[in-house]
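A quick write-up on the structure given underneath.
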Amino acid sequence: KMNVVIKDMKARRLAVLEHRGDPGKVGDSVNKLINWAKAQPMDLKPKPGEAFGFAYDDPKTTETSEFRFDLAITVPEHANLGGEIVEKRLPAGRYAVAVHKGSRDNIGDVVYSLYRDWLPESGEELGDLPCIFSYYNFDHEVAETELVTECWLLLKESDPM
Numbered sequence: 001k002m003n004v005v006i007k008d009m010k011a012r013r014l015a016v017l018e019h020r021g022d023p024g025k026v027g028d029s030v031n032k033l034i035n036w037a038k039a040q041p042m043d044l045k046p047k048p049g050e051a052f053g054f055a056y057d058d059p060k061t062t063e064t065s066e067f068r069f070d071l072a073i074t075v076p077e078h079a080n081l082g083g084e085i086v087e088k089r090l091p092a093g094r095y096a097v098a099v100h101k102g103s104r105d106n107i108g109d110v111v112y113s114l115y116r117d118w119l120p121e122s123g124e125e126l127g128d129l130p131c132i133f134s135y136y137n138f139d140h141e142v143a144e145t146e147l148v149t150e151c152w153l154l155l156k157e158s159d160p161m
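Taking this note's numbering, the leading residue of the sequence shown gets 1, the next gets one more, and so forth.
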């Protein structure tokens with residue numbers, strides 16, 4: 001059974017590249033974001049868990065032209081953004097977190113399980129964000145079997161009793 005932990009997350013300022021269209025080209029967008037980060041005067045290499053993917057759409061069920069996926073890294077307040085890189089905020093709050101190890105090709109299984117199994121049983125309600133992937137490492141750093149990705153779901157604040 002999938003292990004899900006509810007964590008309190010701090011707010012983050014994100015530098016975001018909004019990928020729109022062919023899911024097969026997300027890698028190109030990743031490279032654009034990395035190249036932008038490398039070109040900045042400060043070190044913006046994300047720490048483990050500070051690079052994100054916002055999964056608005058399921059590539060299996062979404063028209064290629066309609067597919068949306070945001071790629072993001074946490075950046076300090078004084079970092080200047082521009083061009084294709086836009087600012088978004090990841091709100092502080094309670095997030096349900098499940099860990100996925102291994103190839104990201106089948107990460108959908110974790111996402112479906114969170115929505116389909118865990119959420120109804122948990123009594124929690126979803127907040128106003130899509131599923132978020134938090135990346136701890138990358139394909140070029142480790143073997144595929146060693147990839148670690150967290151799947152985050154923002155939860156509504158529980159009503160005080």
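Beta carbons: idealized from backbone N, C-alpha and C, even for Gly. These numbers come from a predicted model, not from an experiment.
Cβ-Cβ distances below 8 Å link Lys-60 to Gly-108 in the same chain, with the five nearest sequence neighbours on each side left out; the list follows chain order. In this structure, the straight-line span from the alpha carbon of Asn-3 to that of Lys-38 is close to 36 Å.
Counting the other Cβ atoms within 10 Å of the Cβ of Pro-46 gives 16 or more, which makes it buried. Under the DSSP assignment, Tyr-135 falls in the beta strand (DSSP E) whose first and last residues are 131-135. Taking 3 residues as the shortest admissible run, the region 26-107 contains the following complete beta strand (DSSP E) segments, listed from N- to C-terminal end: 51-55, 68-74, 85-90 and 93-101. Apart from sequence neighbours up to five positions away, the residues of its chain that approach Trp-118 with a beta-carbon distance below 6 Å are Val-4, ordered along the chain. If you check the CB distance, Gly-93 and Leu-154 come in under 8 Å. Under the three-state reduction of DSSP, Leu-147 is assigned to coil, being neither helix nor strand.
Taking the Cα positions, Ala-72 is about 13 Å away from Pro-48.
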